[in-house]
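Q: Here it is: the structure, laid out below.
Protein chains: 4
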Amino acid sequence: MVDKLSVGIMGATGLVGQRFLQLLHEHPWFEIAKLAGSPEKAGKRYLEATTWVWSSDPPETIVDMKLCRPEAKEFSKLDIVFSALPTSIAMNLELELARSGTTVVSTNSFMRLEEDTPLINPEVNAEHIELIELQRVKRKWSGCIIKAPNCTTAILTLTLKPLLDTYGIKCVRIATMQALSGAGYRGVLSMDILDNIIPYIEGEEEKVSIETRKILGRFENKSIIFHPIKVSASCHRVPILEGHLEVVFLELEEKPPDINDVIRIMEDFRGIPQELKLPTAPPKPIIVRREKNRPQPRLDRMVHRGMAVTVGRIRWDESCESGLKYIVLGSNTVRGAAGAALLTAELLYKLEKV
Amino acid sequence: MVDKLSVGIMGATGLVGQRFLQLLHEHPWFEIAKLAGSPEKAGKRYLEATTWVWSSDPPETIVDMKLCRPEAKEFSKLDIVFSALPTSIAMNLELELARSGTTVVSTNSFMRLEEDTPLINPEVNAEHIELIELQRVKRKWSGCIIKAPNCTTAILTLTLKPLLDTYGIKCVRIATMQALSGAGYRGVLSMDILDNIIPYIEGEEEKVSIETRKILGRFENKSIIFHPIKVSASCHRVPILEGHLEVVFLELEEKPPDINDVIRIMEDFRGIPQELKLPTAPPKPIIVRREKNRPQPRLDRMVHRGMAVTVGRIRWDESCESGLKYIVLGSNTVRGAAGAALLTAELLYKLEKV
Amino acid sequence: MVDKLSVGIMGATGLVGQRFLQLLHEHPWFEIAKLAGSPEKAGKRYLEATTWVWSSDPPETIVDMKLCRPEAKEFSKLDIVFSALPTSIAMNLELELARSGTTVVSTNSFMRLEEDTPLINPEVNAEHIELIELQRVKRKWSGCIIKAPNCTTAILTLTLKPLLDTYGIKCVRIATMQALSGAGYRGVLSMDILDNIIPYIEGEEEKVSIETRKILGRFENKSIIFHPIKVSASCHRVPILEGHLEVVFLELEEKPPDINDVIRIMEDFRGIPQELKLPTAPPKPIIVRREKNRPQPRLDRMVHRGMAVTVGRIRWDESCESGLKYIVLGSNTVRGAAGAALLTAELLYKLEKV
Amino acid sequence: MVDKLSVGIMGATGLVGQRFLQLLHEHPWFEIAKLAGSPEKAGKRYLEATTWVWSSDPPETIVDMKLCRPEAKEFSKLDIVFSALPTSIAMNLELELARSGTTVVSTNSFMRLEEDTPLINPEVNAEHIELIELQRVKRKWSGCIIKAPNCTTAILTLTLKPLLDTYGIKCVRIATMQALSGAGYRGVLSMDILDNIIPYIEGEEEKVSIETRKILGRFENKSIIFHPIKVSASCHRVPILEGHLEVVFLELEEKPPDINDVIRIMEDFRGIPQELKLPTAPPKPIIVRREKNRPQPRLDRMVHRGMAVTVGRIRWDESCESGLKYIVLGSNTVRGAAGAALLTAELLYKLEKV
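Residue numbers (the numbering used here), protein chains in the order written: chain S, 1 to 354; chain A, 355 to 708; chain P, 709 to 1062; chain C, 1063 to 1416.
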């Protein structure tokens, strides 16, 4: 116990914050030392200040923790701070913490596209983490800010990576069916979504397009060369609680010998988190289901505690020469947010960068 | 009244059958004379034999009609028979009726791809109706069988037609979010779909692909030359009652001057049903919404009694040179089934082919 | 046209406001002259300022009307003002209007229990409307304020009235399953209610209990003697869009001869709105269904445009001597709010009190 | 391992069967030796034959087990057989097994009301288990049949027991909101229940009424004297996956000193399973929540693996002298079926009756 790192969670009462608590419960390396929600919740017990939405109750050890204020001085002594705050609130706070020496791993979109900021999906681009050296020098920070990708992008890029490395990819078209939890606890009103679909999610399509290119980019000469891959997205909200289902149409550079080859490439895919046996790394980042009617959100979203994505219906896309299509499902709040951030923190720890 | 055509509905108790009743209520040209459900329902009152699912009750005039047996002899004297039976039951019955002189307009998939069988989406390919002459000669029938397209295809092709005529289309990728009613009353169990998506619909993707090519094909020399357009579909069931939402990615032959031009082309689109002022024809087959978050199934599915489709989010698809993407929503049971069939029957009547 | 009364709607953009618009469309006596939403919406077109939730679009004649500010001076010249504002905003505004001579018919809970304020469910206690004379004298108002009951209470009392008059009622126990729309557009978050029930609705049980006693009370000597009936309620929110379903257990004073007698009493029930043939009055206020599995919210909530309630499963309650139980469904936004208010306004007009 | 009892599950592929598998996974006393579904599934692997509906996958050890035929000879050598078959199929099979010496613990309704058949909710009436002696003698069986109660009744009686023992109960009125899983995998069609309630469940109200009286009855002179308590139920199906929520109105014999006393009585309640520390017994059978808006099905249904029920909103029922009302939630497939049966089997084992 004595040598666990102290971590804090800002935005701990929200849906992603709740996931951080679940994932950090009995974590071998990290110990939760501080929690904050919005300013007006400071001083309250965690359970009292939170509308817990997941089916199992919050960890006993957390229930009675007092929330502190979301302020830099509260969190600056910690080894790692996870930020699940919305961008507007997070900005100054994350900057101040990084400046004063804290390692911040954050799930909001602020700074994701800055050229000195690592945007990490650990199995895909762990090597981008080196950018923090540049960030520190350039900004004269003793701490750093590392970002987890947009939820849809995190799930997508995990499946693109092995295909890109094996066959090359010319372009990606993706249509999504995204869960309510992706909009946050207050994000979608019931009168808007029962027996309905909302076919628009602000800013989402642009994020998927540009973040994918950064994450798949090469780290060279102390900077990221964005990958030239073209990504076109259409994003939609559907009445399910958790789990983004993504329909992916690819034009590959080279046609795979057969579908089984594609399946094998996906199933065999491992990243650095698996090599390093990081505690939160799923044994396989990609599960491939052979049944025609899987993955299904309610059944598959929490596989390996939500850290693996599930791919299904891999088949040719007959509309172009080397076309491939498939669907992929992932937990938007775990793999697409808290889980990716935690895995990144574990990577930092293992690489002795924190 | 005296000179209305007598029509019958086979499969009248199912979801599409119920739509036929709604649409035929107080129809200016057609009068319901016979109804049949499955054989064991024969002799029962309509209301007693039916689980009515739509929000307004069935028309008063229908409620007490006795169901007859789904047999050719019951329906052979009628001017037009609408068949909403499932393929397995419909086959022999539709054949027998056509042979014995009855005009059958049918919504199931049986015979849709036969070379002598018109597959009609009235605003798109009304001229294909001439195929029935060939059908009659070749099969020595005094009646005929005409098919309505698959629901997803009916909605899709309505939007493809004006774009194809104006800009040309190289290929179509489509991802769908399809309503429960598309699977029929007994099609989807609640335990399978609440808080869930079923990402597979048997046979649907193949139908969208091949039927689109037939519907958009040229009628030449007494046969249909299938259009070479490539269509790749991925079809999924979501927890909404009615209305298929389709995400469409197009590669056009020629890039439109701007998005407003595309909007105008769609809004100005009219087909023969509009020219002929058929009673069930919507004033405009395509409604274009400018709001970013429309169409939405619950709000837009029944526009013009479910006969028009609603298009939204028309924008460039940046992943290829002349790429365009949009979403389209239509009532799967009306525009995608009963409504398309009824409009076809009205066309036949107006063209004096019945 | 020339002699229609001018009416205004305050709170016109909310769910109940939207119902007022639907019900007032092509109304024979009333013409909409003014609409207001919240102050910041003033100046906007109605459609632009509103998230319309019902399946058919708002009436064409309304779509482009400009919203005015929710202020007394905007509405004080009108013959009748309907208020669907929340209590906190409504209070001063309604008072000011009544003071300055306007007839206000309001759906919020403010003043419902004041001894000089009529709380009207028109088929049940139309005679209470005389209270406005008292109100005017006592408060020195030239206008008046009349309230529609709480939604659950409006539906419940409609069924209690004929039973009370025929058999007498000792006590009422009621358990409700209430629709999302009852909480207003922003009332229930989707993350809280999908695959869930919220077993508490603030203030609802108290309202049902006390308002029922006022509505069923006798008007005597210029005041209402509350009925001594005991009403115990347990209220719950379920994931349906519209329609409150209420489970009613009654102890009657006198045991009915048989269940058919109860059915007859309910079906034969008519109130003053039916006698006076008010335009919005349903032909029968209570529809009794004999099927074991009706009423169902999705199928029955909009019967007679939402103005009638549907009763089903009338049977003995074997737990006490003269026990009766049944379920009743009504549209909470129509019968339970806008519709009750409009019917009250029609009553006022017909009685020449406006 | 060597000395675990061999158990079999008939009806293993259904929703309750799936719960048996979850609860028996790594059970300290029992080992699954045989599984059967419907006859046509015999020979198939478990996973292949099953539509698994719960969020975590079935236990690895079960996935590849071959299903046998639901026949007595397959199960007659086992120590205990759990039957989750529907009554129609179960009848002869359960009888044959009991005759030939097998202990059958069954969740269907067959024989529940026979005077020689124990109907056991273990915390409530464990002593009724002695009835099997009578059953064996009377029927000349070497085995026996023991039944678990109807799901709604199992949840209800757990809360009635401590109140009955402390204050006495004159009558019970209960209105339920029951989950989809209660009707079995194929029980409710999605077109019937989305945005809807089905206000009738065949046979349910009668079961709640009569089974409650048997379970709460005294075991005297080798027979059960049914309790005279009056129970009136109204049962309804709502669109939630799992968890029955029950609204309970009680008339007590004696008024509790205050509500806290009632809370304490419920929280302190323990039964024989807790005394004997049976492996599946929840530490407390009744959890009382103080928050006004709990229990909620999605959040509370699986507390203590679904074995405890959660009570909330305990308050006076002002409609009668010693009236009390509250709501209770329980997992219908666990506490209301598989869990109650398993706990009963553990009781038998501990009492050396198997």
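All C-beta atoms in this analysis are idealised placements derived from N, C-alpha and C, irrespective of residue type, glycine included.
What whole-angstrom Cβ distance do Ser898(P) and Leu180(S) have, given they're in contact under 8 Å?
A: 5 Å
Q: Give a yes or no on whether the minimum CB-CB distance between Asp192(S) and chain C is below 7 Å.
A: no
Q: Hey, out of Cys1213(C), Ala1098(C), Arg1280(C), whose CA is closest to Gly1079(C)'s CA?
A: Ala1098(C)
Q: Give the range of the beta strand (DSSP E) segment to which Leu1196(C) is assigned.
A: Taken as a continuous stretch (DSSP letters only), Leu1196(C) belongs to no beta strand (DSSP E), being part of the alpha helix (DSSP H) at 1193 to 1201.
Q: With a threshold of 16 other CB atoms inside 10 Å of the CB of Arg572(A), please say whether the residue is buried or exposed.
A: Around the beta carbon of Arg572(A), a 10 Å sphere encloses fewer than 16 other beta carbons of the protein chains shown; the residue is thus reported as exposed.
Q: The beta strand (DSSP E) with Lys915(P) in it runs from where to where?
A: Not the beta strand (DSSP E): Lys915(P) falls in the alpha helix (DSSP H), residues 912 to 923.
Q: From the DSSP output, in three-state form, read off Ala1216(C) for me.
A: helix
Q: Out of curiosity, what's the CA-to-CA distance linking Leu324(S) and Val262(S)?
A: Rounded to whole angstroms, Leu324(S) and Val262(S) show a C-alpha spacing of 9 Å.
Q: Would you mind stating whether Arg453(A) and Trp495(A) have Cβ atoms separated by less than 7 Å?
A: yes
Q: His598(A) by DSSP, collapsed to three states: which one?
A: Residue state, collapsed to three classes: strand.
Q: Distance cutoff 7 Å, beta carbons only. Does Asp772(P) sit that close to anything in chain A?
A: no
Q: Can you pull the chain P neighbours of Arg689(A), defined as C-beta to C-beta under 8 Å?
A: Result: empty, since nearest Cβ-Cβ is about 16 Å, beyond 8 Å.
Q: When the distance is taken between beta carbons, is Val288(S) closer than 7 Å to Val309(S)?
A: Not in contact: Val309(S) and Val288(S) (Cβ atoms no closer than 7 Å).
Q: Among residues of its own chain, excluding the 5 on either side of Arg1081(C), which ones have a beta-carbon nearer than 6 Å to its beta-carbon?
A: Thr1395, Val1396, Ala1400
Q: Taking a cut of 7 Å between CB atoms, which residues from the stretch 1007 to 1025 of chain P lie near chain A?
A: Leu1007, Met1010
Q: Return yes when the Cβ of Ile967(P) is within less than 7 Å of the Cβ of Cys943(P), no when it is not.
A: no
Q: Hey, Asn150(S) and Lys207(S): beta-carbon distance below 7 Å or not?
A: yes
Q: Pick helix, strand or coil for Met266(S), following the three-state DSSP scheme.
A: helix
Q: By the 9 Å beta-carbon criterion, what residues does the stretch 878 to 909 of chain P contribute toward chain S?
A: Leu888, Ser889, Ala891, Gly892, Tyr893, Arg894, Gly895, Val896, Leu897, Ser898, Met899, Asp900, Ile901, Leu902, Asp903
Q: Check whether the stretch 934 to 949 of chain P and the stretch 874 to 883 of chain P touch, using three or more Cβ-Cβ pairs below 8 Å as the test.
A: yes
Q: For Val1078(C), go through chain A and note every residue whose CB falls closer than 9 Å to its CB, in chain order.
A: Here the premise fails: no neighbours, minimum Cβ distance about 13 Å.
Q: Can you tell me whether Asn1154(C) is buried or exposed, with buried defined as 16 or more other CB within 10 angstroms of its CB?
A: Here Asn1154(C) is exposed. Its C-beta has fewer than 16 other C-beta atoms within 10 Å.
Q: Which residues in the same chain have their Cβ closer than 8 Å to the Cβ of Pro516(A), if we skip the five residues on either side of it in sequence?
A: Ile619, Met620, Asp622, Phe623, Ile640
Q: Within 7 Å (strictly less), CB to CB, does Pro1359(C) reach chain P?
A: Output row for Pro1359(C): interface = yes.
Q: Assuming Arg1375(C) contacts Lys1354(C) (C-beta within less than 8 Å), just tell me the rounded distance between them.
A: 7 Å
Q: Do you know offhand how far His27(S)'s Cα is from His128(S)'s?
A: Taking the straight line from one Cα to the other gives about 25 Å.
Q: Against Pro1301(C), what residues of chain A qualify as contacts under a CB-to-CB distance less than 9 Å, listed in chain order?
A: Per Cβ cutoff of 9 Å: Ser544, Leu548.
Q: Within a Cβ cutoff of 7 Å, which residues of the same chain sit near Lys350(S), ignoring the five residues on either side of it in sequence?
A: Counting only Cβ-Cβ distances below 7 Å, and skipping sequence neighbours, we find Leu276, Leu278.
Q: Roughly how many angstroms separate the alpha carbons of Cys1233(C) and Ser1384(C), rounded to a whole number?
A: 11 Å
Q: Do you know offhand how far Lys73(S)'s Cα is from Leu1086(C)'s?
A: 50 Å
Q: Under 7 Å, Cβ to Cβ, is there at least one residue of chain P near Ile1389(C)?
A: Cβ-Cβ to chain P under 7 Å: yes for Ile1389(C).
Q: For the beta strand (DSSP E) containing Phe30(S), list its first residue and its last residue.
A: 30 to 36
Q: Alpha carbon to alpha carbon, how far is Glu246(S) from Val104(S)? Give it in angstroms, no decimals.
A: 29 Å
Q: Along the stretch 422 to 452 of chain A, where does the CB come closer than 7 Å to a CB of chain P? Name the residues.
A: none
Q: By alpha-carbon positions, which one of Asp195(S), Val7(S), Glu211(S), Pro256(S) ends up nearest to Ile169(S)?
A: Pro256(S)
Q: Comparing C-alpha positions only, which one of Lys388(A), Pro649(A), Ile578(A), Leu604(A) sits nearest to Val435(A)?
A: Lys388(A)
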